[in-house]
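The next block holds one structure in the form of C-alpha coordinates; read it before the comments.
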Amino acid sequence: MLSGAIYNYESQIPTLIAFERQAMSSGLHSSMLWALMDQHGLSDDDFPEIGGPEEVQRVLRSQSMLKRESLEALCRRFQLCPDLFDFFAVYATANT
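Per the numbering used here, the very first residue in the sequence shown carries number 3; after that it's consecutive.
Now the structure itself:
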(Lines of atoms letter the chains of each structure in order from A and count residues from 1; the text may use other names and numbers.)
(Lines give C-alpha, C1' and ligand atoms only; values in the text may rest on other atoms or scores of the structure.)
Protein backbone atom coordinates (compact mmCIF):
# COMPACT_ATOMS: atom_id res chain seq x y z
CA MET A 1 0.00 0.00 0.00
CA LEU A 2 2.72 2.46 0.97
CA SER A 3 4.89 1.50 -2.00
CA GLY A 4 1.94 2.20 -4.31
CA ALA A 5 1.49 5.66 -2.81
CA ILE A 6 5.21 6.38 -3.20
CA TYR A 7 5.15 5.19 -6.81
CA ASN A 8 2.12 7.39 -7.58
CA TYR A 9 3.80 10.41 -5.99
CA GLU A 10 7.13 9.84 -7.75
CA SER A 11 5.46 9.26 -11.11
CA GLN A 12 4.28 12.89 -11.04
CA ILE A 13 7.73 14.48 -10.60
CA PRO A 14 9.37 15.22 -13.98
CA THR A 15 12.96 14.99 -12.73
CA LEU A 16 12.33 11.57 -11.18
CA ILE A 17 10.58 10.39 -14.33
CA ALA A 18 13.54 11.51 -16.44
CA PHE A 19 16.02 9.88 -14.06
CA GLU A 20 14.15 6.57 -14.13
CA ARG A 21 13.97 6.58 -17.93
CA GLN A 22 17.68 7.30 -18.20
CA ALA A 23 18.53 4.69 -15.58
CA MET A 24 16.45 2.00 -17.23
CA SER A 25 17.78 2.77 -20.72
CA SER A 26 21.42 2.51 -19.73
CA GLY A 27 23.16 -0.31 -17.96
CA LEU A 28 22.49 -0.91 -14.31
CA HIS A 29 26.09 -0.45 -13.23
CA SER A 30 26.38 2.68 -15.36
CA SER A 31 23.29 4.20 -13.74
CA MET A 32 24.43 3.42 -10.23
CA LEU A 33 27.88 4.84 -10.92
CA TRP A 34 26.41 8.04 -12.42
CA ALA A 35 24.18 8.40 -9.35
CA LEU A 36 27.13 7.97 -6.96
CA MET A 37 29.18 10.50 -8.92
CA ASP A 38 26.32 13.00 -8.90
CA GLN A 39 25.45 12.57 -5.22
CA HIS A 40 29.05 12.77 -4.01
CA GLY A 41 30.54 15.22 -6.54
CA LEU A 42 32.99 12.65 -7.88
CA SER A 43 34.75 12.21 -11.21
CA ASP A 44 36.08 9.16 -13.03
CA ASP A 45 39.39 9.64 -11.19
CA ASP A 46 37.73 9.00 -7.82
CA PHE A 47 37.05 5.26 -8.07
CA PRO A 48 40.18 3.24 -7.26
CA GLU A 49 37.82 0.34 -6.48
CA ILE A 50 37.10 0.05 -10.20
CA GLY A 51 40.49 0.89 -11.65
CA GLY A 52 41.72 3.83 -13.68
CA PRO A 53 39.58 6.49 -15.35
CA GLU A 54 39.52 4.46 -18.58
CA GLU A 55 37.79 1.52 -16.89
CA VAL A 56 35.38 3.87 -15.10
CA GLN A 57 34.49 5.44 -18.46
CA ARG A 58 33.82 2.00 -19.96
CA VAL A 59 31.36 1.30 -17.13
CA LEU A 60 29.75 4.72 -17.53
CA ARG A 61 29.26 4.07 -21.27
CA SER A 62 27.81 0.62 -20.48
CA GLN A 63 30.66 -1.02 -22.37
CA SER A 64 31.75 -2.91 -19.27
CA MET A 65 30.14 -4.11 -16.06
CA LEU A 66 31.56 -3.78 -12.59
CA LYS A 67 33.41 -6.80 -11.27
CA ARG A 68 31.99 -8.39 -8.12
CA GLU A 69 35.05 -7.22 -6.11
CA SER A 70 34.54 -3.64 -7.31
CA LEU A 71 30.83 -3.78 -6.46
CA GLU A 72 31.57 -5.03 -2.96
CA ALA A 73 34.23 -2.35 -2.43
CA LEU A 74 31.86 0.40 -3.63
CA CYS A 75 29.14 -0.90 -1.33
CA ARG A 76 31.51 -0.76 1.63
CA ARG A 77 32.74 2.72 0.71
CA PHE A 78 29.29 4.23 0.20
CA GLN A 79 27.53 2.07 2.81
CA LEU A 80 25.23 0.46 0.25
CA CYS A 81 23.67 -2.97 0.49
CA PRO A 82 25.01 -5.23 -2.29
CA ASP A 83 21.45 -6.54 -2.74
CA LEU A 84 20.57 -3.10 -4.09
CA PHE A 85 22.29 -3.96 -7.36
CA ASP A 86 20.40 -7.25 -7.59
CA PHE A 87 17.11 -5.50 -6.75
CA PHE A 88 17.52 -2.97 -9.55
CA ALA A 89 18.52 -5.71 -11.98
CA VAL A 90 15.30 -7.60 -11.19
CA TYR A 91 13.26 -4.35 -11.32
CA ALA A 92 14.70 -3.39 -14.70
CA THR A 93 13.98 -6.85 -16.12
CA ALA A 94 10.41 -6.81 -14.82
CA ASN A 95 9.71 -3.36 -16.27
CA THR A 96 11.06 -3.82 -19.80
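We treat Cβ as the ideally placed atom computed from N, Cα and C, and that holds for glycine. Computed from a prediction, not measured in an experiment: that's the story for all the values here.
Handout entry: Under the three-state DSSP convention, the category P55 falls into
Key = Note: P55 maps to helix in three-state DSSP.
Handout entry: Local conformation of I15 per DSSP, three classes
Key = I15: coil per DSSP, three-state reduction.
Practice task
Could you tell me the distance, in whole angstroms, from the CA atom of S72 to the CA atom of H42?
Solution key: 18 Å
Problem - Alpha-carbon spacing of S13 relative to I19, whole angstroms - result: 6 Å
Handout entry: Cβ neighbour criterion (16 or more within 10 Å) applied to F80
Key = exposed
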